[in-house]
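Read in order, the letters of the sequence shown are residues 126 to 199 in my numbering. Where is the CB? At the ideal position from N, CA and C, for every residue including glycine. Keep in mind that this is a model prediction, so the values were computed, not measured.
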Amino acid sequence: MPYYVYILASCRNDTLYIGSTSDLVARVWQHKNKIREGFTARYNVTQLVHFEEFEEVGMMAQREKRLKEWKRSW
126 MPYYVYILAS CRNDTLYIGS TSDLVARVWQ HKNKIREGFT ARYNVTQLVH
176 FEEFEEVGMM AQREKRLKEW KRSW
């Protein structure tokens, strides 16, 4: 089963969201349709701009952690 780390962006305010999932299509659909209340719904972060696929959940988790360590100021 593949696992994914993904980055979503908001077109109007340059906000990024980093997440992980085992079903990328379904998860992006949930973000776009604001199925869950939270950060992405509040800030309209719905545009998939990057994703990476992993075969092992541990590798996915390590990559997600590394990406979330990025500085927020670009």
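In this structure, the CA atom of residue 168 is about 31 Å from the CA atom of residue 180. Counting every other CB atom within 10 Å of its CB across the protein chains shown gives residue 156 a total of 16 or more, marking it as buried. In this structure, the alpha-carbon of residue 140 lies about 6 Å from that of residue 134.
Distance from the CA atom of residue 178 to the CA atom of residue 130, rounded to whole angstroms, is 7 Å. By the CB criterion at 7 Å, residue 126 and residue 147 fall inside the cutoff.
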